[in-house]
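Participant: The sequence shown lines up with residues -24 to -1, 1 to 1036 when you count with mature numbering (1 follows the signal peptide of the UniProt record, and there is no 0). Just dropping this structure here.
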Amino acid sequence: MRKQFFIFLTILFLSCLWSTNVFSAVIYVKHDATGLNNGTSWTNAYKDLQDALTAAQNGNEIWVAKGVYRPVIISGRTPEISEREISFLIKDGVKIYGGFVGTEPGTEDSKEQRDLDTNITVLSGDIDMTGSDGIYDDNNQYNSYRVITVNNNAAEVVTTLNGVTISQGNGNHVSNEYGGGIYVYGNANNTVLIEKSRFINNYANSGGAIFIMEQKVNLKNCYFSGNLSGRGGCINTNDSEEVTVLECNFSGNRGASYGGVFYFDNSVVNIIGSSFSENSTDGVGGNIYIYSANVTLTNNVFYNSTAGNGGVLYSYNGTVNVTNCTLYNNKAKFYGGAVYTSYTDIDIISSTISENYCGNSESYSGQNKGGGIYLSNYSELDIVNTILSKNFFNNDLYNDDCARDDRSTINSMGNNIVGVAEPLTDFNEVITEPQLGSLADNGGPTKTMAICSGSPAKDAGASGDVGADIIIPNKDQRGSDRQPGKYDIGAYEGTFQVPDSPTTTSVISDNITANSATLGGKITASDIFLISSYGVVWSTQQNPEVSDSVAEADADTYNSDTGEFEAQLTGLEPNTQYYERAFIQYSDGCSGMFSLYGVEYSFTTKAEVPNVTWDESKKYCTATTAELFGNISNKSNNVSYYYRLGISDNFDSATSPHSLSVGSDNSFTIKETDLTPEKLYYVWVYAENNAGVPAYDTHHSFNTESQSDVPTLDIATEENITDTSVRLTGIIEDFGINESGLIEYGFVLSENEDFLPSIKKAESSSIDILGPFPMDVDGLTPYTTYYAKAYGINSKGTGNSTVISFQTKPNLPVVEMKSVEPDSRSATLNGNIDTLGLTNLVYGFVWDTSPSPELPNSSNHEVGITSSSLDFSWSAESLEPYTDYHAKAYGKNASGEITYSQDFSFKTLAESPDVETLDPVILPDNKVAFRAEIIKRGASAEKTEFGFYVSTASDPIIVDVPDSEANFSYVFDNLPGTKEQVKAYAKNDIDTDYGVLKSFGNIKGDINRDDVVDLSDAIITLKIMTGISVSSVALDADVNADGKIGIEEAAYILREIATP
């Protein structure tokens, strides 16, 4: 078989070619320029492209601004044949670049500044201007035979066309039937480079968009649509030794007889990374027709194309290599839903050919027409590492993947998955379902069909050199690396792994409002493109899912380095608790969508910020007081309202919250006293949600009046301090301006130096005498520091004295529980009493198994009476072992008032059990009752186990003993005929205790006889052992039955082990 591979050399050549940046003179073209029309700048640009082409020389660049350019313009009449023969003639080595706006240097002086999608440069054959935009023209009968002609005569030059749209060429004349868009011919050593250009709605009898005669042509990133020809809807090549197509898109093109896109005649062609869809022909080759040509197809996708024979390609006398390609859902009316060959050698390597079909014609009934591939006339196929499955004929699903005539050969090189092999015998692989996903964008320049995670194609492919000059590529159709040593079968290498569950970033309260929240998450995944969506789900119920509310992450927030993202939640209800989780939805490429969730968090939206309107007309401020009035228009009944007052515009530094009462009419009043004169105050009205988070907006402010109008006072002394009272003396120095007395005076006391909050007043009504005034203040808290100032009120406001401080006396000592030293049934309690100068104080301890023990309901002990501070101890007895207790020290004054220390918890120690064996009792029916007394039950983490050990058994007898019982017993059946022993035991995880051994048993006779007596008190004495030899011993014993009768037999028992 002929094997010719040019991929590597072609790509290497193109890499050099497309990266070349040679300095050259620039000629400017702009159809609406207003300058000198000499091409020297955008202002002075040529208005007609033909003028620039005339002026250009080898190496010049022509920059063309957006707009429509025609080879000639014929207005108001039918063009002549000679006029239709006029085209844009591009000289050797000239480079044309479109896509410019056409502005002066500084804003557009580089090719990289072009915007090809916005600034469309059209080279149109619509010379009679019957179309509106140069691209679409329903009346193209008299358009140019071709739009561009490239006739390269010089040797080894590169002519370039970049960033233009070529349309409306119409090569419908017998002598002008080649290349409706471009006709390329000339010296075979020259190269034409066409990049980033579009070919739309061109027609010619041969090569609707381009006809290439004996030239090297390279196309890159070009788009072809709506082109039509009898031979090669887009491109026809003839005797061309090097044509390369890289990452181009061909869609909706048509070839009437041969090749919906290409017609290759005696040419060498490489097509790489390109997409073919919706192309068609009534004849042969829905995309490609090959006649005596060598064609290599790499990393391409062909789908939804149709033909009479060969929905993707038809080859006659050709050599074809198909590597890493996907052929899907193509159709042929007769033979070869995807591929038809005649007299052709074809290699298919690491490709996916699926769901193509042929037939659906009554005149072509039967089978074996090649729903996927049909080989005829001595064609030979080498196929390896390929999925050829689910292709069919005549609507008979998946029954006809590959067929051949008797003269053709199929060589299966191994590692293929074939849906149906019959009636062929050329495939030696297991026939199985490949488990493919739908055709989709799975990364890379072209669409692919991913294999499912459970596909038999996974890790089942060949690698390296498989013979017949075939080497399996180490990358797949997308350009992704194959996994070393475990290539997948087909064009797609499945590197998919189930992603990790996303994590949810901690909620930031600053990003939560009444109606929205900004939350975050993090993704860890191997194939991020298989994750279809990610973000945050939320609900008022726990464990939200994608069926609840969803906020997909903004792609701009995704950090590919860390996997972190943010999502915006909107439409939330104020003051509502929500549950949220980060989520991802992913697919393995074929089995549907799956969801993963992160850890759940909850948050509460803020209450709505109160919309406050202040009534300045009612505001009343003095030097030391303020009365403010306002209204909340958006009052909500399920939130609490507060206000804060401060002397700076920082909410957090304001005073503690003051509850705000809002009336049914949404109004409120704020009253503040004891303010500082001539001070700017700030007040915030705010709402709190159920989580205690405030929602506030801007503050309101007011000023107190001048101090000079209010009274002047001083505070002299404090005396007669008790635990709950004090005598304070103030001095009225001045009644204030134009005043003859005070309407109120007294003292203000607070536990805080700023007098906010917890203010206590001692007040009197009017006074008209200057000088000192004493006042007794009671109801104070013992042993507390107070701040006090005298005040006086006149009609202008309140005057305050300086501030003094004092401390009330104690009424109770301070007691402390220092430590506890527990035992199993007692504990030493250690405490301390600080008398604070008090006398005759009773002190002691209280304890209980319940928290916070107090007198008189808990166990207690009065340790003593003292007038001095001291440490004290007491041993609490009769405690339960291994039990939780709580203890407090206490102190009591002479009035009987009691104070307690902190609650101190402790646990008594565990205790081992104690048990005593009682005498067994012989019962009727050949039974005996074992008995035991519980001396101590014991206590530990493990419940005490009770039971008996019997000499006739190796395992103990366990007895379930209720907690209330002090004894336990067990009835033993089948009283033995020998003397045996028993002992009681009790066991916990601290220790095991055993009772003494007790004997029981029956030597001889009927145990139910009436004269059976208790022999437990009988004394048996072994007096002497004599005559001990190797095998014998003489024994002598006495039996003292204490006068009891019923002994019929006495004997000796010898054992090799000690009695248990």
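Using N, Cα and C, we set each Cβ at its ideal position, and we do this for glycine too.
Give me the Cα-Cα distance between K582 and S629, rounded to the nearest whole angstrom.
Facilitator: 20 Å
Participant: Closer than 8 Å by C-beta to N152: which residues in its own chain qualify, once you throw out the five before and the five after it? Chain order, please.
Facilitator: R60, E61, Y121, R122
Participant: Classify S629 as helix, strand or coil using the three-state DSSP reduction.
Facilitator: helix
Participant: Are the region 711 to 722 and the region 679 to 697 touching by the rule of at least three beta carbon pairs closer than 8 Å?
Facilitator: yes
Participant: Apply the 10 Å Cβ neighbour rule to M793 and answer buried if 16 or more other Cβ atoms are within range, or exposed otherwise.
Facilitator: By the neighbour-count criterion, in which 16 or more other beta carbons inside 10 Å mark a residue as buried, M793 falls on the buried side.
Participant: Please tell me whether Y118 and P47 are closer than 8 Å, where the distance is taken between their beta carbons.
Facilitator: no
Participant: Within 10 angstroms of its Cβ, does H675 collect 16 or more other Cβ (buried), or is it exposed?
Facilitator: Burial of H675 is indicated by the presence of at least 16 other C-beta atoms within 10 angstroms of its C-beta.
Participant: Rounded to the nearest angstrom, how far is the Cβ of D358 from that of D323, given a contact under 8 Å?
Facilitator: 5 Å
Participant: Excluding the 5 residues flanking A28 on each side, which residues of the same chain have their C-beta closer than 6 Å to its C-beta?
Facilitator: I3, V5, G15, Y22, I38
Participant: Put R454 into one of helix, strand or coil per three-state DSSP.
Facilitator: coil
Participant: Secondary structure at T893, three-state DSSP: helix, strand or coil?
Facilitator: T893: strand per DSSP, three-state reduction.
Participant: With a 10 Å radius around its C-beta and 16 neighbouring C-beta atoms as the bar for buried, classify I72 as buried or exposed.
Facilitator: With at least 16 other beta carbons inside 10 angstroms of its own, I72 counts as buried.
Participant: So, are the CB atoms of Y759 and S781 less than 8 Å apart?
Facilitator: no
Participant: From G923 to L855, what does the alpha carbon distance come to, in whole angstroms?
Facilitator: 26 Å
Participant: Please classify G654 as buried or exposed, where buried requires at least 16 neighbouring CB atoms within 10 angstroms.
Facilitator: Per the sequence presented here, residue 654 reads as Glu, with Gly not at that position. Taking every protein chain shown into account, the CB of E654 has fewer than 16 other CB atoms within 10 angstroms, so this residue is exposed.
Participant: If I96 sits next to T30, beta carbons under 8 Å apart, how far is it from one beta carbon to the other, in whole angstroms?
Facilitator: No, I96 and T30 are not in contact; Cβ-Cβ is about 24 Å, not under 8 Å.
Participant: Is it true that the region 862 to 877 meets the region 899 to 908, where meeting means three or more beta-carbon pairs spaced less than 8 Å apart?
Facilitator: no
Participant: Can you give the Cα-Cα distance for G775 and T600, rounded to whole angstroms?
Facilitator: 7 Å
Participant: Can you tell which of L704, C597, T94 has the C-alpha that lies nearest to the C-alpha of D690?
Facilitator: L704
Participant: Could you tell me which residues DSSP pairs with Q553 in its beta bridges?
Facilitator: T580
Participant: Give me whichever residues DSSP pairs with P748 in a beta bridge.
Facilitator: I707
Participant: With distances taken from CA atoms, which of G977, G69, P938, D524 is nearest D949?
Facilitator: G977
Participant: State the start and end residues of the unbroken alpha helix (DSSP H) segment that holds I911.
Facilitator: Element bounds for I911: not the alpha helix (DSSP H) but the beta strand (DSSP E), 903 to 912.
Participant: Measuring CB atoms only, is the region 874 to 882 touching the region 951 to 967, in the sense that at least three cross pairs come out at less than 8 Å?
Facilitator: no
Participant: Three-state secondary structure (DSSP) at Q561?
Facilitator: In the three-state reduction of the DSSP assignment, Q561 falls in the strand class, which pools E and B.
Participant: What residues match up with V325 in a beta bridge as DSSP calls it?
Facilitator: The question names Val, but residue 325 in the sequence shown is Ile. I325 pairs with T299, V360.
Participant: Runs of 4 residues minimum, wholly inside the region 26 to 69: which ones carry the alpha helix (DSSP H) assignment?
Facilitator: 57 to 60
Participant: Apart from the five residues on each side of it in sequence, which residues of its chain come closer than 6 Å, Cβ to Cβ, to L636?
Facilitator: Here the set comprises Y617, Y618, Y619, F644.
Participant: Would you grab the beta carbon distance between Y290 and Y316 for me? Rounded to a whole angstrom, and I think it's under 8 Å.
Facilitator: Right, their Cβ atoms sit about 5 Å apart.
Participant: Can you list the beta strand (DSSP E) stretches of 3 or more residues lying completely in the region 750 to 785, in chain order?
Facilitator: 761 to 770, 773 to 776, 780 to 783
Participant: Contact check, A667 vs T580 under 8 Å by CB: the rounded distance?
Facilitator: 4 Å
Participant: Just verifying my parser: in three-state terms, what is the DSSP assignment at Q518?
Facilitator: coil
Participant: Taking DSSP's pairing of strands, which residues face T424 in a bridge?
Facilitator: A416
Participant: Is M425 buried or exposed, if buried means 16 or more other CB atoms sit within 10 Å of its CB?
Facilitator: buried
Participant: For G914, collect the residues of the same chain with a Cβ closer than 6 Å to its Cβ; drop the 5 residues on either side in sequence, then sort them by chain order.
Facilitator: E887, S888, P889, T920, N964
Participant: Are the CB atoms of A602 and T680 nearer to each other than 8 Å?
Facilitator: yes
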